[in-house]
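Novice:
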Amino acid sequence: MDTPENPELSQEELFEHHKFTASKGQEPLRVDKFLMNFIENATRNKIQQAAKQGHIWVNDAIVKQNYKVKAGDQVKVMFEHPPYEFLLTPEDIPLDIVHEDDSLLVVNKPAGMVVHPGHGNYSGTLINALVHHFDHLPKNSSERPGLVHRIDKDTSGLLVIAKTEHAMTHLAKQFFDKSSEREYLALVWGNVADDEGIVEGHIARNPKNRLQMMVFPEGDQGKDAVTHYKVIERLGYVTLISCKLETGRTHQIRVHMKYIGNTLFNDERYGGDKILKGTTFTKYKQFVENAFKVLPRQALHAKTLGFAHPVSGEFMRFDSELPEDITLCIEKWRNYAKHSES
Numbered sequence: 001m002d003t004p005e006n007p008e009l010s011q012e013e014l015f016e017h018h019k020f021t022a023s024k025g026q027e028p029l030r031v032d033k034f035l036m037n038f039i040e041n042a043t044r045n046k047i048q049q050a051a052k053q054g055h056i057w058v059n060d061a062i063v064k065q066n067y068k069v070k071a072g073d074q075v076k077v078m079f080e081h082p083p084y085e086f087l088l089t090p091e092d093i094p095l096d097i098v099h100e101d102d103s104l105l106v107v108n109k110p111a112g113m114v115v116h117p118g119h120g121n122y123s124g125t126l127i128n129a130l131v132h133h134f135d136h137l138p139k140n141s142s143e144r145p146g147l148v149h150r151i152d153k154d155t156s157g158l159l160v161i162a163k164t165e166h167a168m169t170h171l172a173k174q175f176f177d178k179s180s181e182r183e184y185l186a187l188v189w190g191n192v193a194d195d196e197g198i199v200e201g202h203i204a205r206n207p208k209n210r211l212q213m214m215v216f217p218e219g220d221q222g223k224d225a226v227t228h229y230k231v232i233e234r235l236g237y238v239t240l241i242s243c244k245l246e247t248g249r250t251h252q253i254r255v256h257m258k259y260i261g262n263t264l265f266n267d268e269r270y271g272g273d274k275i276l277k278g279t280t281f282t283k284y285k286q287f288v289e290n291a292f293k294v295l296p297r298q299a300l301h302a303k304t305l306g307f308a309h310p311v312s313g314e315f316m317r318f319d320s321e322l323p324e325d326i327t328l329c330i331e332k333w334r335n336y337a338k339h340s341e342s
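Numbering (UniProt numbering), first residue to last: 1 to 342.
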């Protein structure tokens with residue numbers, strides 16, 4: 001391992017941008033390749049430049065790009081400026097507030113809005129809006145103001161935001177203890193085999209595609225994840241389902257439904273933007289393409305959110321209407337299924 005090229009620049013003067021701990025099953029792997037598996041939108045050249053500048057640390061010592069990461073290694077990427085996602089700029093973006101009191105607020109996030117700033121999305125996020133509308137929001141363990149949980153950019157629906165330190169701690173504990181209630185509606189490819197069921201399996205990053213997560217049914221890789229699903233309506237080649245989360249892992253519903261063979265409709269990252277079920281007729285292909293245009297994102301909506309109020313203890317449940325794009329897409333499939341039967 002090397003000493004810094006600039007001995008006057010100590011670790012205390014650097015800002016941590018990324019931090020990863022290699023899993024127990026990690027085979028020796030060059031640190032530049034290891035980091036590419038974890039950092040979205042990172043090119044190998046960018047990571048190699050960071051190594052040349054002495055900005056990659058393993059177990060608190062600077063390493064070169066050819067260092068082999070081993071199980072248990074703590075890998076950090078450090079720079080001389082703070083992470084852009086922590087330089088929060090207040091932006092006057094309107095919020096759809098479903099409920100607000102002194103402790104918290106519940107917002108209905110539109111599809112297309114990123115929850116918190118990150119690589120390539122440093123403005124226009126929910127947090128940019130929150131810091132404009134509210135002062136002194138408490139920070140979570142990741143230093144993100146107000147954020148108790150999150151949903152993906154192209155998923156619409158309900159989120160609870162903490163306004164006090166007490167609310168943040170209390171609500172985060174409910175999510176950790178699995179006592180909160182979260183129900184999503186999803187339109188998935190295929191005629192789901194069972195009317196209801198449970199999908200279980202650890203979720204971790206896909207080693208072959210770093211932008212995807214995947215299920216590891218056995219072993220200690222990833223984090224445990226449990227999804228309860230129930231069929232609401234069968235529409236021929238697609239099915240409308242309800243999903244209740246027992247855990248809250250990244251892309252959980254998207255990954256679990258793909259795992260059982262029912263990828264979310266128009267979920268580009270997981271292959272749902274292709275025709276996965278149906279006929280070879282040109283008319284059918286045109287119909288699906290039109291349905292994709294009506295709903296240009298994954299068919300997933302965080303419909304119901306329930307939790308105990310951090311002050312009163314009263315259990316509160318909030319429900320949101322399906323957004324127009326999902327409603328129109330379901331209606332298209334409903335009409336198609338009806339005409340296919342006749």
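Note that the Cβ used here is the ideal one computed from N, Cα and C, for glycine as well.
Owing to the predicted nature of the structure, the values given are computational and were not obtained by experimental measurement.
In three-state DSSP terms, what is Leu276?
Specialist: coil
Novice: Kindly identify the DSSP beta-bridge partner or partners of Cys243.
Specialist: Tyr184 and Tyr229
Novice: Distance check for Lys223 and Trp333, CA to CA, integer angstroms please.
Specialist: 35 Å
Novice: Tell me, which residues are paired with Ala299 by DSSP?
Specialist: DSSP links Ala299 through a beta bridge to no other residue.
Novice: Whole angstroms are fine: how far does the CA of Leu126 sit from the CA of Pro94?
Specialist: 10 Å
Novice: What is the C-beta distance between Thr89 and Ser123, in whole angstroms, given that I count them as a contact (C-beta under 8 Å)?
Specialist: 6 Å
Novice: Just to check my reading of the structure: Ile253 and Leu300 have Cβ atoms closer than 8 Å, yes? What is that Cβ distance to the nearest angstrom?
Specialist: Sure, about 6 Å apart at Cβ, within 8 Å.
Novice: I'd like the ranges of any alpha helix (DSSP H) spanning at least 4 consecutive residues and lying wholly in the stretch 108–162.
Specialist: 126–133
Novice: Since Gly201 and Lys153 are thought to touch, with beta carbons under 8 Å apart, how far apart are those beta carbons, to the nearest angstrom?
Specialist: Their Cβ separation, rounded to whole angstroms, is 24 Å, which puts Gly201 and Lys153 out of contact at 8 Å.
Novice: Using the C-alpha atoms, what's the distance from His339 back to Ile39?
Specialist: 47 Å
Novice: Ala71 to Pro310, Cα distance in whole Å?
Specialist: 40 Å
Novice: For Gly146, is the classification buried or exposed, using 16 other Cβ atoms within 10 angstroms of its Cβ as the cut-off for buried?
Specialist: It counts as buried.
Novice: If we count the other Cβ atoms within 10 Å of its Cβ and call it buried at 16 or more, is Arg317 buried or exposed?
Specialist: Exposed, since its Cβ has fewer than 16 Cβ neighbours within 10 Å.
Novice: Considering just the uninterrupted stretch of the alpha helix (DSSP H) at His309, what are its terminal residues?
Specialist: Following the DSSP letters along the chain, one finds His309 in no alpha helix (DSSP H), marked with neither H nor E.
Novice: In three-state DSSP terms, what is Glu268?
Specialist: helix
Novice: On the CB-based measure, 16 or more other CB atoms within 10 Å of its CB, does Gln286 come out buried or exposed?
Specialist: By the Cβ neighbour-count rule, Gln286 is exposed, with fewer than 16 other Cβ atoms within 10 Å of its own.
Novice: I'd like to know whether the C-beta atoms of Ser103 and Lys163 end up nearer to each other than 9 Å.
Specialist: yes
Novice: Look at the alpha carbon of His99 and the alpha carbon of Gln49, and state the distance between them as a whole number of angstroms.
Specialist: 47 Å
Novice: Work out the CA separation of Met36 and Trp57 for me, nearest whole Å.
Specialist: 15 Å
Novice: Taking all protein chains shown into account, do 16 or more other C-beta atoms lie within 10 angstroms of the C-beta of Leu185, making it buried, or fewer, making it exposed?
Specialist: buried
Novice: Strictly by DSSP, which residues pair up with Thr304?
Specialist: Glu183 and Asp319
Novice: Taking the alpha-carbon of Ala291 as reference, which of Val188, Lys208 and His251 has the nearest alpha-carbon?
Specialist: Val188
Novice: Have a look at Val294 and Ile326 and give me their C-alpha separation to the nearest angstrom.
Specialist: 8 Å
Novice: Have a look at Gly271 and Thr263 and give me their C-alpha separation to the nearest angstrom.
Specialist: Between Gly271 and Thr263, the alpha-carbon positions lie close to 7 Å from each other.
Novice: Name the two residues that bound the continuous beta strand (DSSP E) containing Val98.
Specialist: Ile97 to Glu100
Novice: In angstroms, rounded to a whole number, what distance separates the CA positions of Met78 and Asp96?
Specialist: 37 Å
Novice: Roughly how many angstroms lie between the CA atoms of Val148 and Gln174, to the nearest whole one?
Specialist: 10 Å
Novice: Do the CB positions of Met213 and Ile198 come within less than 9 Å of each other?
Specialist: no
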